[in-house]
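Chemist: Sharing a structure with you now.
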Amino acid sequence: GQNIDQPTEMTATEGAIVQINCTYQTSGFNGLFWYQQHAGEAPTFLSYNVLDGLEEKGRFSSFLSRSKGYSYLLLKELQMKDSASYLCAVRGERDSGGYQKVTFGTGTKLQVIP
Amino acid sequence: DAGITQSPRYKITETGRQVTLMCHQTWSHSYMFWYRQDLGHGLRLIYYSAAADITDKGEVPDGYVVSRSKTENFPLTLESATRSQTSVYFCASGTGELFFGEGSRLTVL
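Chains as they are written, first to last, in our numbering: chain E, 57 to 170; chain C, 789 to 897.
Next up, the structure:
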């Protein structure tokens, strides 16, 4: 099975940097995704890590350590529009149907304040 | 327009009624998914489909039925709705990165 842990809520100040952590325990690992979800809207893809290290994409970066079962999403130069939930999702081993199952964490609700 | 669309966006129904949520995608993705999202549980997979006429159970399939006669459509049916099925339902497609529909907010009274 898979277990994914993220903080439930975080608050950060506009212009600052915030790090959202995700730890996981899985019976197989084939990559980790981060999604952003604004209130009342659909999740949208932010990043994907399958190898250890940092992936940078503009103001957002995502880090992975497979040996520690740990990832973080780093948001720089925070803007008010970054207020949203951030979902960590782990792709595990193939199930009986051949699908590499993706399991989502419960998400971290980030509030950006002026 | 290209994308993934769900209907209805909002639905109120009564316990015991049958409800069908529709999902349509225009990318020709082979994989399609149905998730439900509830407070404290995150996104949970109900059913998925690897191709037309191929479907498989996810984490929480009980009480739901799916079909996929065409690649672009993946309807989800609640055969006899229960209050515990009140939720936000998301359809998604893709093989790596997932593309989500806007969601269908279902209330079962």
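From the three backbone atoms N, C-alpha and C, an ideal C-beta is built for every residue, glycine too.
#1: Can you pull the chain C neighbours of E:Ala-98, defined as C-beta to C-beta under 8 Å?
#2: Just list the residues that DSSP pairs E:Asn-77 with in beta bridges.
#3: Using only the alpha-carbon positions, how far apart do E:Leu-120 and C:Gly-828 sit?
#4: Give, in chain order, every unbroken run of the beta strand (DSSP E) that is at least 3 residues long and sits entirely within the segment 822-887 of chain C.
#5: Assuming E:Thr-164 and E:Gln-92 make a contact with CB atoms under 8 Å, what is their CB distance in whole Å?
#6: Rounded to the nearest angstrom, what separates E:Tyr-80 and C:Tyr-798 at their Cα positions?
#7: What residues of chain C sit near E:Thr-162, judged by a beta carbon separation below 7 Å?
#8: Which residue comes first and which comes last in the beta strand (DSSP E) that contains E:Lys-165?
#9: Report yes if the C-beta distance between E:Ser-118 and E:Ser-103 is below 8 Å; otherwise report no.
#10: Ignoring anything shorter than 3 residues, give me the beta strand (DSSP E) runs that lie fully in the segment 93-141 of chain E, in order along the chain.
Modeler: Looking at the coordinates:
#1: Correct list: Phe-878, Phe-888, Gly-889, Glu-890 and Gly-891.
#2: Bridge partners of E:Asn-77: E:Tyr-128.
#3: Roughly 25 Å separates the two Cα atoms.
#4: Correct list: 830-839, 842-845, 852-854, 864-866 and 875-881.
#5: Their Cβ separation, rounded to whole angstroms, is 11 Å, which puts E:Thr-164 and E:Gln-92 out of contact at 8 Å.
#6: Going by the C-alpha atoms only, they are around 34 Å apart.
#7: Chain-order list of chain C residues neighbouring E:Thr-162: Gly-828, His-829 and Gly-830, by C-beta distance under 7 Å.
#8: 164-169 is the span of the beta strand (DSSP E), which, as asked, contains E:Lys-165.
#9: Yes.
#10: Complete beta strand (DSSP E) runs here, min 3: 100-105, 109-113, 116-121 and 126-131.
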